[in-house]
Amino acid sequence: MSEATFDVLVAGAGAAGMAAALAASDRGLEVVVVEAKETYRLGSNTAMSTSMVPAGGSHWQRSAGVDDSPERFYADIMAKTKGAADPVVAGALTGVAPDLVTWMADRVGVPLELVTDFQYPGHSADRCHAVPDRAGRTLHRHLLDEAARRPEVTLIAPMRLTAVDHDGSQVVSARLETPDGSSEEVVPRIVVLATNGFGARPDLVGRYIPEIKSALYHGGDGSSGDALAIGASLGADVGYLDAYQGHGSVASPHGILVTWATVMHGAVLVNTVGKRFGDETVGYSEYAVPVLKQPGGMAWVVLDDRIDRACRVFKDYQDLVEANAIRWSANAAELAGVIGLPAAEFEATLATARAAATGDSGDPFGRTFWEEPLRSPLGSIKVTGALFHTQGGLCVDEHARVLRNGSPIPGLCAAGGAAVGISGHGAAGYLAGNGLLSALGLGYLAGRHAANED
Ligand SMILES: Cc1cc2nc3c(=O)[nH]c(=O)nc-3n(C[C@H](O)[C@H](O)[C@H](O)COP(=O)(O)OP(=O)(O)OC[C@H]3O[C@@H](n4cnc5c(N)ncnc54)[C@H](O)[C@@H]3O)c2cc1C
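Numbering-wise, the sequence shown is residues 55 to 508 according to this note's numbering.
Here it is in structure tokens:
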């Protein structure tokens, strides 16, 4: 491949990279995807995700009678971020989302369906689209399988993009390295940085997001901040480096996501002294730090049989069941004994939550959304707070073009965690689905831009 010339070089084979590659190849462009990690089929963020892709105004929603639109979705993003989300990127992504999910289903063959059994905090409509087992690796596999069917797309792994040489008007070359240290120069017309963020770099997390630096990292092992380094070498603009997706419930010590659908179906989180410590329905991302602030940095998700049945649609939840991560008891007093909580406090906590859920009294933490009160028998899962991925990165425009001093750098695009997200600052602006929408949406826009069809 020495000095090879082709249309598009994509770095990273996650959702962002594969969407860019497939959208560009739709138009007949020749695409090379390089992927740094051999583990990407299981270890990329995309493979670890729950495959939720939000879109306001999709045909699935119309068929289900859901009233939604890109404008309403945009308003929800702005409400969740208190107006701090990048308006250009948020507008581009909410605008393209209905087209994106249709394209994923019709052109790529991803078996998407509308999630109607619960809503994540901050979404005012049923708008998450997911594969039936709600497993990121299933979504990812469909993207990879479709790429493998297309002669225009070549995927090489392990191979890492380490540098891009640019003369100010075009990409001059890109340097690729294999793990044994050998390197090659290639000459693509367009480079798409789809290398995710810097979650796997404790030094960078400590510098930009100190509040989450001591948390468990539950994200892709290839998120090494390479886009930031390459962007810096080209003088690219960066933004929102303090933004991230946290999560308040990763089973410990199993390291398996406990879906926040548990909470939205009625579960509560209590600490090791048997007390709740907030309104769980504000959002899972901003709940990571409160969980970490509890004694031992731990909490228990408390649920019941109805919630258990409702969550079995998630592959991650099935994994929890198979791992025996859920402890069941006939009632609160017995459960307290099993998991080592002070029984009186725990029973009082659940009684107060029950009164709030039935409307008999207000919730001390202000929680107003209770699908139903908890009923014995009760189950519990020990959890900790985690960092899932970073949401800041290279500034891009509505075509996913990387910006320098506010103007596009010709031939350079970024998508997904490599680029700025739409979550404002910190953890609280993250709305479920912001990650994959930024990845798939910006990737799709980058691929279309590569073919000059923007
Ligand atoms: C448990 C969990 C659940 C989640 N659920 C959801 C969800 O339901 N919905 C949602 O929207 N988001 C979700 N997210 C977030 C979502 O997974 C990410 O936002 C999204 O997958 C990012 O996609 P990406 O393509 O940018 O990154 P990735 O999928 O991580 O892909 C980046 C790839 O680039 C490779 N790479 C890195 N550097 C280089 C280099 N220099 N050269 C070549 N390759 C390189 C990496 O090895 C990696 O394979 C979840 C995250 C986690 C951890």
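For glycine and all other residues, C-beta sits at the position ideal for the given N, C-alpha and C.
Any non-hydrogen atom of ligand 1 within 7 Å of S103 CB: A heavy atom of ligand 1 is found nearer than 7 Å to the CB of S103.
Candidates H177, G293, L230: which alpha carbon is nearest R458's? The residue with the shortest Cα to Cα distance from R458 is G293.
Out of D121, A144, T148, state which residue places its alpha-carbon closest to the alpha-carbon of T170. It is D121.
Report the option in W114, G119, G149 whose CA atom is closest to the CA atom of G126. The sequence shown places Arg at residue 126, not Gly. Of the candidates W114, G119, G149, the one whose C-alpha sits nearest the C-alpha of R126 is G149.
Give the single residue among G465, S237, P108 whose Cα lies nearest to the Cα of L147. The shortest CA-to-CA distance from L147 to any of G465, S237, P108 is the one to P108.
Cβ neighbours of S306 in the same chain (closer than 7 Å, five flanking residues each side left out): Result list for S306: M352, K436, V437, T438, in chain order.
Please confirm whether any heavy atom of ligand 1 lies closer than 7 Å to the CB of R18. Nothing in the structure corresponds to residue 18, since the chain is present only between 55 and 508.
Hey, is T444 close to ligand 1, as in C-beta under 7 Å from one of its heavy atoms? Checking the Cβ of T444 against ligand 1 gives no.
Whose C-beta lies closer than 7 Å to the C-beta of P175 among residues of the same chain, with five residues either side of it excluded? Residues T335, V336, G337 of the same chain have their beta carbon placed closer than 7 Å to that of P175, with the five preceding and five following residues left out of the count.
Can you look up M352 in the DSSP assignment and give me helix, strand or coil? Note: M352 maps to strand in three-state DSSP.
Can you give me the start and stop residues for the beta strand (DSSP E) that S117 sits inside? Going by DSSP, S117 is part of no beta strand (DSSP E) but of the alpha helix (DSSP H) stretching over 113-118.
Would the segment 419-432 count as touching the segment 376-390 if we require 3 or more Cβ pairs under 8 Å? The segment 419-432, when compared against the segment 376-390, does touch it at the 8 Å Cβ threshold.
Measure the C-alpha to C-alpha separation of L193 and S415 and round it to an integer number of angstroms. Whole-angstrom Cα-Cα distance: 43 Å.
I131 - DSSP class collapsed to helix/strand/coil: Reduced to three states, the DSSP call for I131 is helix.
Quick one: is the Cβ of Q299 within less than 7 Å of any heavy atom of ligand 1? Yes, since a heavy atom of ligand 1 falls inside the 7 Å radius drawn around the Cβ of Q299.
What residues in its chain sit with their C-beta under 7 Å from that of L295, if we drop five residues either side in the sequence? Excluding positions up to five away in sequence, the list reads Y262, G446.
Please classify G293: does DSSP put it in a helix, a strand, or coil? Residue state, collapsed to three classes: strand.
Assuming C449 contacts V246 under a Cβ cut-off of 8 Å, what Cβ separation, rounded to an integer in Å, is found between them? That pair is no contact at about 15 Å.
Residues of its chain near D275, where Cβ-Cβ distance is below 7 Å and the 5 sequence neighbours each way are ignored: Taken in chain order, the residues that qualify are K91, T93, G97, A254.
Neighbourhood of E84 by C-beta, 6 Å cutoff - its chain only, sequence neighbours within 5 removed: F60, D61, E206.
Cβ neighbours of D508 in the same chain (closer than 6 Å, five flanking residues each side left out): No answer about D508 holds up, because its pLDDT of 42 lies below 50 and its placement is not dependable.
Where DSSP assigns a beta bridge to G433, which residues make up the other side? Residue pairing by DSSP places G433 opposite L357, W382 in a beta bridge.
Which listed residue (D359, K329, R360) has its alpha carbon closest to that of V345: It is K329.
Could you check whether L168 and Q115 sit closer than 8 Å to each other, using their CB atoms as the reference points? In contact: Q115 and L168 (Cβ atoms closer than 8 Å).
Given 8 Å as the limit, is there contact between the segment 469-476 and the segment 316-324, that is, 3 or more CB pairs closer than that? Flag = no, the segment 469-476 and the segment 316-324 do not touch.
Rounded C-alpha distance that separates A387 from R408: So the alpha carbons of these two residues sit roughly 15 Å apart.
Would A493 pass as a contact of G68 if the rule is Cβ separation under 8 Å? Going by C-beta atoms, A493 is nearer than 8 Å to G68.
Taking DSSP as the reference, what is the three-state secondary structure of G149? The answer is helix: DSSP assigns G149 an H, G or I state.
Taking L63 as part of the beta strand (DSSP E), name the residues at either end of that continuous run. Unbroken beta strand (DSSP E) run through L63: 58-65.
In three-state terms, what does DSSP make of T216? T216: strand per DSSP, three-state reduction.
Cβ-based burial, G300 [other Cβ within 10 Å; buried from 16]: Label assigned to G300: buried.
Contact the segment 189-204 vs the segment 221-238: 3+ CB pairs below 8 Å: Cβ pair count under 8 Å is below three, so no.
Residue from V143, L209, T422 with nearest C-alpha to A75: Per the Cα distances, L209.
Using a Cβ-based criterion (distance less than 7 Å to any ligand heavy atom), does T170 qualify as near ligand 1? For ligand 1, not one heavy atom lies less than 7 Å from the Cβ of T170.
Find out if the Cβ-Cβ distance for the pair S79, R204 is shorter than 8 Å. Against a cut-off of 8 Å, the Cβ pair of R204 and S79 comes out as a contact.
By the three-class DSSP mapping on this structure, what secondary structure does V185 have? For V185, the secondary structure class from DSSP, reduced to helix, strand or coil, is coil.
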